[in-house]
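Visitor: Sequential numbering of the sequence shown, starting at 250, is according to our numbering.
This is the structure I have questions about; it appears just below.
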Amino acid sequence: RRAAGRRIKALQRQLLDIRKEKTLELQLLQERLEEERRVHMETGDFPQETSDSTCAVVSLDEKLEVWMERYERDMEDKQQELNSLRNKKANNLSQLQELAKKYRDIEQVVIEDRMEKEALRRKLEKEHMERDAATKIQSWWRGTLVRRGLSPYKKGKKPKSRRERRERRKSEVSLLQELQ
Numbered sequence: 250r251r252a253a254g255r256r257i258k259a260l261q262r263q264l265l266d267i268r269k270e271k272t273l274e275l276q277l278l279q280e281r282l283e284e285e286r287r288v289h290m291e292t293g294d295f296p297q298e299t300s301d302s303t304c305a306v307v308s309l310d311e312k313l314e315v316w317m318e319r320y321e322r323d324m325e326d327k328q329q330e331l332n333s334l335r336n337k338k339a340n341n342l343s344q345l346q347e348l349a350k351k352y353r354d355i356e357q358v359v360i361e362d363r364m365e366k367e368a369l370r371r372k373l374e375k376e377h378m379e380r381d382a383a384t385k386i387q388s389w390w391r392g393t394l395v396r397r398g399l400s401p402y403k404k405g406k407k408p409k410s411r412r413e414r415r416e417r418r419k420s421e422v423s424l425l426q427e428l429q
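Right under this line is the structure:
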């Protein structure tokens, strides 16, 4: 029973497929028949059209002349437009080249300015380091003078007279000036 049911379903499917194919074939044949009828009608009307075609040829010649004139005008207009666009392109290209040159020049100035600033920064940094080093050396030297008692900052004996005090102050000031 099952096999028979399957076979019936398979046959039904085949039958549906065959029906679809036949309907498609029928549609194609109908379309061809319509085309043949149309072609037959057009060929039957051809002798009438040939007599009308001599009049149509004259009007076609006139239309051709009009269209040729229009074509020439359009070509001239388009040629002028093309020339105008070429000129604009050339102008834009020259402007672009000028701007590119200006950009390169300005970029060179910026690079030089950066280099100068960097050189100045290095110089100032070097001077600062040298100043710090000189200050350290001076501090060390003054400390050495104080520790050894050679500096004007050491405690000395009190001068006995006013004149000795003045001389001592003068010697201290001159020694300080020499150190600086």
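Glycine residues also receive a C-beta, built at the ideal position from the N, C-alpha and C atoms.
Predicted model, so just to flag it, every value in this text is computed and none were measured.
Hey, how far is the Cα of Gln426 from the Cα of Leu399?
Guide: Cα to Cα, the separation comes out at about 15 angstroms.
Visitor: Could you tell me the distance, in whole angstroms, from the CA atom of Ile386 to the CA atom of Arg396?
Guide: Those two C-alpha atoms are separated by around 15 angstroms.
Visitor: Which value, in whole angstroms, describes the spacing of the CA atoms of Arg391 and Glu374?
Guide: Those two C-alpha atoms are separated by around 25 angstroms.
Visitor: Can you grab the Cα-Cα spacing for the pair Ala259 / Thr272, in whole Å?
Guide: Each residue's alpha carbon lies about 20 angstroms from the other.
Visitor: Helix, strand or coil: which one does DSSP assign to Gly398?
Guide: It is coil, neither helix nor strand.
Visitor: For Arg250, which of helix, strand or coil comes out of DSSP?
Guide: Looking at Arg250 - three-state DSSP - the assignment turns out to be coil, as it is neither helix nor strand.
Visitor: With DSSP run on the structure shown, which of helix, strand or coil describes Val308?
Guide: According to the sequence shown, residue 308 is Ser rather than Val. Residue state, collapsed to three classes: helix.
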